[in-house]
Amino acid sequence: MKIEENHYGSDYTFIPAISVAHGTGTEILPDLYCYTVQIVNICLIGLPNAADFILVDAGMPRSADEIIAAAEKRFGSNSRPKAIILTHGHFDHVGAVIELIRYWRIPVYAHPAELPYLTGKKSYPAPDSSVEGGMIAKVSALFPNEPIDLGSSVQPLPSGGMVPHLPEFRWIHTPGHTPGHISLFREKDRALIAGDAFVTVRQDQLFKVLTQKLEFSGPPRYFTNDWEKAKESVRKLATLHPKVAVTGHGKPVTGEQLRAGLIQLVRDFDHIAVPDYGKYIQ
Ligand SMILES: [Zn+2]
Ligand SMILES: [Zn+2]
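206 is the number that my numbering gives to position 204 of the sequence shown; each next residue is one higher, with no gaps.
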């Protein structure tokens, strides 16, 4: 399939959700830059002005121009990443990916178990607007769940944890939020890109999303349907003892705050993360 034939799910649409972090970028490490598109984070990995860099996740629908501008600001005009790595295929993480690969002509990588949702074969379970939670959970029925079709533009990540173009990073399978969800980890500085395996804001609560109040939370609850696996994934990430973490939603977190937050999230996962009721609660 040619890139020109790639298409979004038929329910894809601009979602007018915003937070105070929208449009801000943070250099968390010299080669790790996090940028917030409305309510979701993308990461650019690479030293400023380097010829080699990688984009992790692809923002919200209609955010391609903004993502290209953020990349060019950091890496120079007409710069382009070597590839896009997807933590998973939810609409708020692939929202601009088609425009980006048309513009940059670069490959996209994702976990093999996520590919059906990225090649038009399978829809995600519908968001659960009945789940225990705040206003964003209530309106989540509006969120797209039909699959994007990236055809041959998306390729499986190599088995064994290697990440194309990022020799120091390993991908870690962290299912639960979605079947093929991954996180990225670098041993030397214990940097973690967690995706939505856990997040640092209560993503279902409108006011907390708006203000980006820091709060260790499980994966966004309206879109999570295997809580046992989600719990196991957070436990797996905690055992890595990350020193720096960027999550798919919320502020980056480091040091003692990260250490203590993860310990508490693992210990009280059933209380903090798992909703009291909802259609994906067994
Ligand atoms: Zn997600
Ligand atoms: Zn997300």
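Glycine residues also receive a C-beta, built at the ideal position from the N, C-alpha and C atoms.
When you compare each of Ser154, Lys238, Asp191, Lys75 to Asn51 by their alpha carbons, which one comes out closest? For Asn51, the nearest C-alpha among the options comes from Lys75.
Candidates Pro118, Ile70, Ser125, of which the one nearest Tyr14 by Cα: Ser125
Please list, in chain order, all residues with a C-beta atom less than 6 Å from at least one heavy atom of ligand 2. Val42, His92, Asp94, His95, Asp198, Pro222, Gly250, His251
What is the C-beta distance between Val211 and Leu152, in whole angstroms, given that I count them as a contact (C-beta under 8 Å)? Wrong, their Cβ atoms sit about 28 Å apart, outside the cutoff.
Straight-line CA distance for Ile195 to Phe171? 10 Å
Looking at Ile5: is its Cβ nearer than 7 Å to the Cβ of Ser155? Closer than 7 Å, so yes.
Going by the beta-carbon positions, is the gap between Pro181 and Asp198 smaller than 7 Å? Against a cut-off of 7 Å, the Cβ pair of Asp198 and Pro181 comes out as no contact.
Drop a sphere of 10 angstroms on the beta-carbon of Val22, count the other beta-carbons inside from all chains shown, and report buried for 16 or more, exposed for fewer. exposed
Whether or not the segment 135 to 143 and the segment 93 to 107 are in contact is what I'm after, with contact meaning three or more pairs of Cβ atoms, one per stretch, closer than 8 Å; do they touch? no
Please go through the same chain and pick out, in chain order, the residues whose beta-carbon is closer than 6 Å to the beta-carbon of Ala98, but skip the five residues on each side of it. Ala60, Gly61, Ser65, Ala66, Ile69
Look at the Cβ atom of Pro277, then the Cβ atom of Val133, and state whether they are nearer than 7 Å. yes
Considering only the beta carbon of each residue, do Ser161 and Ile174 sit closer than 7 Å? no
So is Pro169 buried or exposed if we call it buried at 16+ other beta carbons inside 10 Å? exposed
Helix, strand or coil: how does DSSP classify Thr213 here? helix
Smallest Cα separation from Ala232: which of Pro254, Val255, Ile274? Out of Pro254, Val255, Ile274, the CA that lies nearest to the CA of Ala232 is found in Ile274.
Applying the criterion that 16 or more other CB atoms from any shown protein chain within 10 Å of the CB defines a buried residue, is Ile20 buried or exposed? By the neighbour-count rule (16 or more Cβ atoms within 10 Å), Ile20 is not buried but exposed.
According to DSSP, is Arg192 helix, strand or coil? Arg192 falls in the coil class under three-state DSSP.
Can you check whether the CB of Val236 is closer than 7 Å to the CB of Leu216? no
Suppose the cutoff is 8 Å on Cβ atoms and the five residues either side in sequence are ignored; what does the same chain contact list for Leu208 look like? Its chain contains Gly136, Met137, Ile138 as the residues whose beta carbon lies nearer than 8 Å to that of Leu208, once the 5 sequence neighbours on both sides are disregarded; these appear in chain order.
Is Phe225 a contact residue of ligand 1, with contact defined as CB to any heavy atom under 6 Å? yes
Rounded to a whole number of angstroms, what is the C-alpha to C-alpha distance between Asp228 and Met3? 32 Å
Beta-carbon contacts of Gly252 that lie in its chain and below 7 Å, excluding the five residues immediately before and after: Within the same chain, Val201, Thr202, Val203, Gln214, Leu216 come within 7 Å of Gly252 by CB-CB distance, once the 5 residues on both sides are set aside.
Can you give the Cα-Cα distance for Pro177 and Ile41, rounded to whole angstroms? 22 Å
First and last residue of the uninterrupted alpha helix (DSSP H) at Phe271: 271 to 274
Closer than 8 Å by C-beta to Asp272: which residues in its own chain qualify, once you throw out the five before and the five after it? Chain order, please. Lys233
Between His9, Leu117, Val58, which has its C-alpha nearest Arg82's C-alpha? Val58
Give the secondary structure of Glu148 by DSSP, where H, G and I count as helix, E and B as strand, and everything else as coil. Assignment of Glu148 by DSSP, reduced to helix, strand and coil, places it in the coil class.
C-alpha distance - Leu260 paired with Ile30, whole-angstrom precision: Answer to the nearest angstrom: the Cα atoms are 14 Å apart.
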